[in-house]
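A short write-up of the structure that comes next.
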Amino acid sequence: MAESPRSEIMARLRAAAGASASATTPEQIARELAALGFASAAVLPAADTCIAFMANVLANKGSVELAADRAEAVRVVGRYLYNRFRTHKLVAGNDPRIAAMPWRDAGVLPRFGAAENGDGAALSYARLGVAETGAVVTWTGRANPGRNNLLPEDHLVLINREDVVATLEDAWLRIRQELPAGSWPRGINFIAGPSSTADVEAQLVMGAHGPRRWHVILVGATPAEALAEAKVLTAATGP
Amino acid sequence: MKITSDHFLEHADAALADPDKAQRRDLLGLFMPLARDAAAARYGDFEALRVHLKQVRRHTMEHLEHYLTRFEEEALRNGNQVHFAATPEQLNSTVLSICQDHGARRVAKGKSMVTEETALNDHLQQAGLDVIETDLGEYIIQQAGETPSHIVGPALHKSLAEIRQLFLDRHDLGERPLEQVADIVAEARGILREQFLQAEVGIIGANALVAENGSTMLVTNEGNGDLCANLPPVLIVCTTLERILPRVEDAMALQRLLVRSATGQPQTSYTSFYSGPQRDDDVDGPLETHIILLDNKRTDILASDYSEILDCIRCGACLNHCPIYVGVGGHAYGWVYPGPMGSVLTPLLTSLEQSNDLPNACTSCGRCAEICPANIPLPDLLRDLRQEESQRQLNSPRWRRGLRVHAWFLRHPALYQRLSGWLMPVLAWLGKRRGSLRTLPFAAGWTGTRDFPAPEGGTFMRQYRKRGKVRRRRG
Ligand code: SF4
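Read top to bottom, the protein sequences are chains A and B. Residue numbers for the first sequence, in the numbering used here: 425 to 663. Residue numbers for the second sequence, in the numbering used here: 1323 to 1797.
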């Protein structure tokens, strides 16, 4: 019987590596790896993590609004939906944090569950924000089905101030803490902009397949000047 | 994909004769490097990042069997089915049998250079499946029946007018203007959205495989790969062994280098880590997931002197920075991978016999090595391939004769210097009036399309000696 592709490939790898590498124990390999450490992160556009985060979200062609607390976040979302769609329709995953918000106050009635084709706006509550790249992090599950990030016209994302970390390594540190081994979700998504393409004439167009707009709402006590400063930074250094 | 690299020179001639396309490439060669440089400068210590990832790659390659085994274990634990494929045929038949097991008819594909390498689409279509490319660039060239001209922007060689005509011909949608780039994107979005919703199988590639948790990293701006990974009930990830990295942080380091080198962004719109089929807590996602690990000569390359090319992260920067690629475009190279990385990979993945012009498509300017985020010494690898070519007598006999004469002179420096010392003043005198020469004996190939600048005065060695004397006297 012919060798299976797997054993064939493994045998070739062993031959390529030579005797010394094969003799190394897993513990030695782990030590070697640990000694290499992690990479250094990108320089942040501002010393304040939240300002840097907002500046990078804007540079990624997202839009940003501030909300002092969840009650204000509800009003911000309601206003956004009305301005964009002249409705208050919204879909959101079964995230207890979203469910507990006073939606009626702004006349918004979210449908809880997975987004469908044709939905105008979906709302996610991000687990983390990353200042280094201006990304928000979600993971799949009841609280945020994967398609909610992808199918709607507009993707609205709530993110708590205290969940904004400086670097991608910090983000993984938090993810490792929150998701103990064995409870890894199906998908972990870093989102850093609307769905975009530059495949035709190298011209950047939003809404390639997924959201045309990506709206990030920073929840917590952020002074309005911080957002103004982020806008200035983006205008100065933006691509 | 059928290889036509042995016609590189004819393809290159034809490409140069099309001024419109040449101008598009010039713009690409001008703006992409600017975007990359600005992003690298904004990063801070980009060089340290390159060095760090190189060390991690070396470590991973040294212990590839260990990490591959770990990845397999973790991926299985996550509920994936893991397949190994030694050859492109094995990958193609594995994909086909998965599709057939599910009675699938429609397949939605994310961008994957690996499946270009194995010509997967042809294989599936011959078996009667509908395969649709969902990356906009890939979709356009699939509709046009063409092949990618660039590994990041596969359709950048096509003008808006060409794409407009293509869509009018291919999409039965009646009268419509379709004049703006945004109209093209909107039309494709509508058509492809239906495909995502109807597909029974999604196929994606991977930018990295994470050994510690068996997940695959996918980096896109369009989100098409993510739709393929989230909507169809079956997901197949087609990838190769050397995409493995030990930790998620290493995949992030790769991502940092990749996107800045490819488009100048700090992060693409979507960077996703997929680990397997639906969990108890999931309300969407595939019910069944497969990962196919292709070798296709990677293990041979790993054991060879060309192993560093396996560090390539497919950013496309060496294409954008290469005077030959920008001059003649991706199609001239005649296979999946063009530019400097392609000129190294094509001979190794196909054969030097079929592609012996490619390692010569290099001016040794060194720009690619300067910017390659994976720190691959591309010009050195190309030179080694040229040497192999000469040793195996794959280049033309005339070429080899010329090289032998040249080598003989170089080994007799006194004679060489005497001869050139005599020749240069003659050439200078001949070209005195115009400052250049229109023809030269034995160099018609060179002077056929351009003038040879007339030498200004003595040879380099003569000047070197003169200045050396001056400096010595001063010192
Ligand atoms: S060889 Fe280097 S520059 Fe070229 S595509 Fe690969 S990683 Fe990018």
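Backbone N, C-alpha and C define an ideal beta-carbon position, used for all residues, glycine too. From a predicted model like this one, the values you see are computed outputs, not experimental measurements.
List the residues of chain A whose Cβ lies closer than 7 Å to the Cβ of residue i, in chain order.
i	result
Arg-1565 of chain B	Under the 7 Å cutoff, chain A gives no residues; its nearest Cβ is about 14 Å from Arg-1565 of chain B.
Tyr-1592 of chain B	Asn-613 and Ile-615
Tyr-1786 of chain B	In chain order: nothing, as chain A lies at least about 42 Å away.
Find the residues of chain B that neighbour residue i, judging by a C-beta separation of less than 7 Å, and give them in chain order.
i	result
Val-532 of chain A	None at all; the shortest Cβ gap to chain B is about 22 Å.
Met-434 of chain A	Glu-1387
Is DSSP giving residue i helix, strand or coil here?
i	result
Cys-1690 of chain B	helix
Arg-637 of chain A	strand
Trp-1657 of chain B	coil
Tyr-549 of chain A	strand
Met-425 of chain A	Reliability of the predicted coordinates at Met-425 of chain A is poor, the pLDDT of 45 falling under 50, and the value obtained from them is presented with this limitation in mind. Three-state DSSP puts Met-425 of chain A in coil, outside helix and strand.
Asn-1402 of chain B	coil
Ser-464 of chain A	coil
Trp-608 of chain A	coil
Lys-655 of chain A	helix
Thr-1391 of chain B	helix
Val-532 of chain A	coil
Cys-1560 of chain B	strand
Ser-1594 of chain B	strand
Asn-572 of chain A	helix
Lys-1324 of chain B	coil
Ile-1623 of chain B	helix
Ser-487 of chain A	strand
Ser-619 of chain A	coil
Gly-1524 of chain B	strand
Met-1539 of chain B	strand
Is there a Cβ of chain B sitting closer than 7 Å to that of residue i, yes or no?
i	result
Asp-472 of chain A	no
Glu-653 of chain A	no
His-633 of chain A	yes
Leu-456 of chain A	The residue asked about is misnamed: residue 456 of chain A is Glu in this sequence, not Leu. So yes, Glu-456 of chain A belongs to the interface.
Ile-453 of chain A	yes
Ala-559 of chain A	yes
Glu-602 of chain A	no
Ala-550 of chain A	no
Leu-437 of chain A	yes
Looking only at its own chain, which residues have a Cβ that is under 7 Å from the Cβ of residue i, when we skip the five neighbours before and after it?
i	result
His-1493 of chain B	Glu-1509 and Ile-1513
Lys-655 of chain A	Leu-482
Asn-1717 of chain B	Asn-1678 and Glu-1711
Arg-1578 of chain B	Leu-1371
Asp-1457 of chain B	Gly-1432, Lys-1433, Glu-1544 and Asn-1546
Thr-448 of chain A	none
Glu-1438 of chain B	Met-1323, Pro-1470 and Val-1658
Tyr-1596 of chain B	Ser-1537, Thr-1538, Leu-1540 and Ala-1551
Trp-527 of chain A	Val-498, Leu-533 and Pro-534
Ala-1654 of chain B	Phe-1330, His-1333, Ala-1334 and Ala-1337
Using a Cβ cut-off of 7 Å (strictly closer), state whether residue i contacts chain A.
i	result
Thr-1562 of chain B	no
Gly-1366 of chain B	yes
Leu-1700 of chain B	no
Glu-1571 of chain B	yes
Gln-1713 of chain B	no
Asn-1414 of chain B	no
Met-1539 of chain B	no
Who are the near neighbours of residue i in its chain, counting only those whose CB is closer than 6 Å to its CB and skipping five residues on each side?
i	result
Asn-484 of chain A	Gly-558, Ala-616 and Gly-617
Thr-591 of chain A	Ala-465 and Glu-556
Ser-1686 of chain B	Pro-1701
Asn-1402 of chain B	Gly-1598, Thr-1611 and Ile-1613
Ala-539 of chain A	Val-515, Ala-546, Arg-571, Asn-572, Leu-575 and Pro-576
Trp-563 of chain A	Pro-609 and Ile-612
Thr-658 of chain A	Ala-479, Leu-482 and Ala-483
So, for residue i: in the same chain, excluding its five sequence neighbours on each side, which residues have a beta-carbon less than 8 Å away from its beta-carbon?
i	result
Leu-1398 of chain B	Val-1404 and Gly-1536
Ile-433 of chain A	none
For residue i, go through chain B and note every residue whose CB falls closer than 8 Å to its CB, in chain order.
i	result
Asp-460 of chain A	What sits at residue 460 of chain A in the sequence shown is Leu, not Asp. Within 8 Å Cβ-Cβ: His-1374, Gln-1377, Val-1378 and His-1381.
Please tell me whether, using a cut-off of 6 Å, the distance from the CB of residue i to the nearest non-hydrogen atom of ligand 3 is below it.
i	result
Ile-1635 of chain B	Ligands displayed in this structure: ligand 1; ligand 3 is not among them.
Run down chain B in chain order and give the residues with a C-beta less than 9 Å from the C-beta of residue i.
i	result
Val-640 of chain A	Correct list: empty, because the minimum Cβ distance to chain B is about 13 Å.
In chain A, which residues lie less than 9 Å from residue i when you measure between Cβ atoms?
i	result
Val-1666 of chain B	None at all; the shortest Cβ gap to chain A is about 18 Å.
For the region 1429 to 1457 of chain B, list every residue whose C-beta sits within 8 Å of some C-beta in chain A, in sequence order. Under the 8 Å Cβ criterion, the region 1429 to 1457 of chain B contributes Thr-1456 and Asp-1457.
Chain A contacts from the region 1459 to 1470 of chain B (Cβ-Cβ distance under 9 Å): The region 1459 to 1470 of chain B vs chain A, Cβ under 9 Å: Gly-1459, Glu-1460, Tyr-1461 and Ile-1462.
With 9 Å as the limit, tell me which residues of the region 1468 to 1488 of chain B have their beta carbon closer than that to any beta carbon of chain A; keep them in chain order. Within the region 1468 to 1488 of chain B, the qualifying residues are Gly-1475, Pro-1476, Ala-1477, Leu-1478, Lys-1480, Ser-1481, Leu-1482 and Ile-1485.
Chain B contacts made by the region 524 to 548 of chain A, where a contact means CB separation under 8 Å: The residues in question are Gly-537, Ala-538 and Asn-541.
Proximal residues, the region 579 to 593 of chain A versus chain B, C-beta separation under 7 Å: So the close ones are Leu-592 and Glu-593.
What residues from the region 1508 to 1537 of chain B come within 7 Å of chain A, judged by C-beta to C-beta, listed N to C? Result list: Arg-1511, Leu-1514, Arg-1515, Leu-1519 and Asn-1535.
For the region 615 to 629 of chain A, which residues have a CB atom closer than 8 Å to at least one CB atom of chain B, in sequence order? Cβ contacts with chain B: Ile-615, Ala-616, Gly-617, Pro-618, Ser-619, Ser-620, Thr-621, Ala-622, Asp-623, Val-624, Glu-625, Ala-626, Gln-627 and Val-629.
Under 8 Å (Cβ pairs) to chain A, residues found in the region 1600 to 1620 of chain B: Within the region 1600 to 1620 of chain B, contact with chain A at the beta-carbon level (separation under 8 Å) is assigned to Gln-1600, Arg-1601, Asp-1603, Asp-1604, Val-1605, Asp-1606, Gly-1607, Leu-1615 and Asp-1617.
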